[in-house]
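Letter by letter, the sequence shown follows residues 1100 to 1248 of the working numbering.
Glycine is no exception: its CB is placed at the ideal position from the N, C-alpha and C atoms.
This report concerns only the one structure given below.
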Amino acid sequence: MIGGALTFFHGTGNRRCLEVSITLETSETINPRALHPSRRGSPTVTKLHSEHHEVVSDLHHTSFLFSIPIDGPMSFSTSKVTVQWSLRFEFFTTPEGTDPARYEHPLLVEKREKGEWVLPVTVYAPPLHRRATRGRNDRSGLPGNILDS
C-alpha cells in the first residue's frame, strides 16, 4: 500500500489550492541502444495503475491510499531497461494575485494554474515465504516437549 496525507494552508499566501489529482504509475524506459528502430521516438511507456481526484478548496486535510497491483512489477534497472514507480501530483490553484473577495466561492475563479510534482517510489518484490521443513518424527518445535526427558 502507498498512501499519504496532504495539508492545505489556505489562509497563508495569495494562492488557494482548488483541486488535486494523484496518480500511481509505472514507467518503462528502454535504453536507446537496445531500442527497436520502430520505437526510436518513444523509449518510455507509462502505465496508469490508480488515480485519485478531489476538490479541496474547502478542505484543510485530505488523504489518499493506493494498492500496488498483485501483478505489478517491482522497481528495477538493467543495462537495457528501467522500470520505475511514481506518484504524480497535480495541484490546480487560483492564479497568483487573485482577489478572493471578488468571488462568492474559490471554485468560481475561472482561470486556474497547474503545478506538478512527481515522487519516485521504490517497489520491492514481496518476501518469499519458506515453509518449515520438518521430518515426520521431528518434534523439536513442540512447546514443552516431554519426549526429550
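Check, Outcome
"Compare the beta carbon distance of F1191 and R1211 with 8 angstroms and say whether it is the shorter of the two.", "yes"
"Looking only at its chain, what residues have a beta carbon closer than 6 angstroms to the beta carbon of F1165, apart from the 5 residues adjacent to it on each side?", "I1101, L1123, S1149"
"Output needed for V1180: all residues of its chain with C-beta closer than 8 angstroms, excluding positions within five of it in sequence on either side, in chain order.", "E1127, T1128, I1129, N1130, A1133"
"Using a Cβ-Cβ cut-off of 7 angstroms (strictly less than) and excluding sequence neighbours within five positions of F1107, which residues of its own chain qualify?", "C1116, V1155, L1158, H1159"
"Taking 6 angstroms as the limit between beta carbons, can you name the residues of its chain near V1119, skipping five residues before and five after?", "E1153, V1155, F1190"
"Is it true that the CB of G1214 sits closer than 8 angstroms to the CB of F1163?", "no"
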